[in-house]
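A quick write-up on the structure given underneath.
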Amino acid sequence: MFTVLRIRRDLVDAIVAHARRDHPDEACGVIAGPDDGSDRPERFIPMVNAARSPTFYEFDSGDLLKLYREMAANDETPVVIYHSHTATEAYPSRTDIKLAQEPFAHYVLVSTRDADEHEFRSYRIVDGVVTEEPVEVVESYMFANTGSDDVPDA
Amino acid sequence: MAVTVSIPTILRTHTGGEKSVEASGKTVLEVIDDIEARHGGLKARLVKDEKLHRFVNVYVNDEDVRFSGGLDAEVKDGDTVTILPAVAGGAR
Numbered sequence: 001m002f003t004v005l006r007i008r009r010d011l012v013d014a015i016v017a018h019a020r021r022d023h024p025d026e027a028c029g030v031i032a033g034p035d036d037g038s039d040r041p042e043r044f045i046p047m048v049n050a051a052r053s054p055t056f057y058e059f060d061s062g063d064l065l066k067l068y069r070e071m072a073a074n075d076e077t078p079v080v081i082y083h084s085h086t087a088t089e090a091y092p093s094r095t096d097i098k099l100a101q102e103p104f105a106h107y108v109l110v111s112t113r114d115a116d117e118h119e120f121r122s123y124r125i126v127d128g129v130v131t132e133e134p135v136e137v138v139e140s141y142m143f144a145n146t147g148s149d150d151v152p153d154a
Numbered sequence: 001m002a003v004t005v006s007i008p009t010i011l012r013t014h015t016g017g018e019k020s021v022e023a024s025g026k027t028v029l030e031v032i033d034d035i036e037a038r039h040g041g042l043k044a045r046l047v048k049d050e051k052l053h054r055f056v057n058v059y060v061n062d063e064d065v066r067f068s069g070g071l072d073a074e075v076k077d078g079d080t081v082t083i084l085p086a087v088a089g090g091a092r
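Read top to bottom, the protein sequences are chains A and B.
Going by UniProt numbering, the first residue of the first sequence is number 1, and it counts up by one from there.
Going by UniProt numbering, the first residue of the second sequence is number 1, and it counts up by one from there.
Spelled out as structure tokens, the structure:
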């Protein structure tokens, strides 16, 4: 399956800013989008890393329940699940692969090991198989032929 | 004792694609066994060495059962049981 992550620039910036802010601990979160097959990340939801660790992340279990209930109520799906690596490259670790349990999500990794330049990469992780995919950063989705509810970004 | 069990995307292959199923039981384990009787394969994804898998969260209504008895946590008629895989990982 060939896939690409098409994502708005402001969402990329928000993920990177979160990763920088929590450095040297790993940062994590979700970008939810409509559960209609459009594969369009829209709502930025930074999560607390309950592990507060430079080498591990985990959503708090109470926050996780709230998040999934909220997404269900909004007909949303976790289009992007992101986290940072703070001393290594932006590539899924063995732990990332073992614990990845959303087969339809884009797993975004950001590396903040370099203080000036970050790495931002995206993967599918399905049944232990990692497939990197290109990231296409766009200013808005308004020209995307993915739905009828597109509104021009201000 | 009917409860509604919410099934995460990754486990829906074990419930014929259903997002939620009805089940019965007085504890989380009984509920899981009841589903397993109809949808084989689910239990192995949730339970390991007779304990709840470390990276699977199960809630009875709003309560994470890890803090209320684990697999022995009580379930009452009309409760909602939610299964959610942990979102976790890291460079380690």
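Cβ coordinates follow ideal geometry from the N, Cα and C atoms, glycine included.
None of these values were measured; they are calculated from a predicted model.
### Message
Can you confirm whether residue 32 of chain B, when its beta carbon is compared against all beta carbons of chain A, has any partner nearer than 8 Å?
### Response
No, residue 32 of chain B does not count as interfacial toward chain A.
### Query
How would you call residue 33 of chain A, buried or exposed, if buried means at least 16 neighbouring beta carbons within 10 angstroms?
So residue 33 of chain A ends up on the buried side.
### Query
Should residue 19 of chain B and residue 32 of chain B be called a contact, given that it needs their Cβ atoms to be closer than 8 Å?
no
### Task
Please list the partners that residue 15 of chain B has in chain A, where partner means a Cβ-to-Cβ separation under 8 Å.
Here the premise fails: no neighbours, minimum Cβ distance about 15 Å.
### Task
Specify, as a first and last residue, the run of the alpha helix (DSSP H) that residue 67 of chain A falls within.
Per DSSP, residue 67 of chain A is one residue of the alpha helix (DSSP H) stretching across 61 to 73.
### Query
Given 8 Å as the limit, is there contact between the segment 65 to 76 of chain A and the segment 90 to 101 of chain A, that is, 3 or more CB pairs closer than that?
no
### Message
Bridge partners for residue 131 of chain A per DSSP, in chain order?
### Response
Per DSSP, the beta bridge partners of residue 131 of chain A are A/124.
### Message
Please state the DSSP three-state secondary structure of residue 9 of chain A.
### Response
helix
### Query
By the 10 Å Cβ neighbour count, where 16 or more other Cβ atoms means buried, how is residue 61 of chain B classified, buried or exposed?
By the beta-carbon neighbour count (other beta carbons within 10 angstroms, threshold 16), residue 61 of chain B is exposed.
### Task
Could you tell me the boundaries of the beta strand (DSSP E) in which residue 97 of chain B lies?
Residue numbering for chain B in the displayed model covers 1 to 92; residue 97 of chain B lies beyond these limits and cannot be assessed.
### Message
So with CB distances below 9 Å, who are the chain B contacts of residue 85 of chain A?
### Response
90, 91
#### Entry: Euclidean distance between Cα positions of residue 6 of chain B and residue 115 of chain A
43 Å
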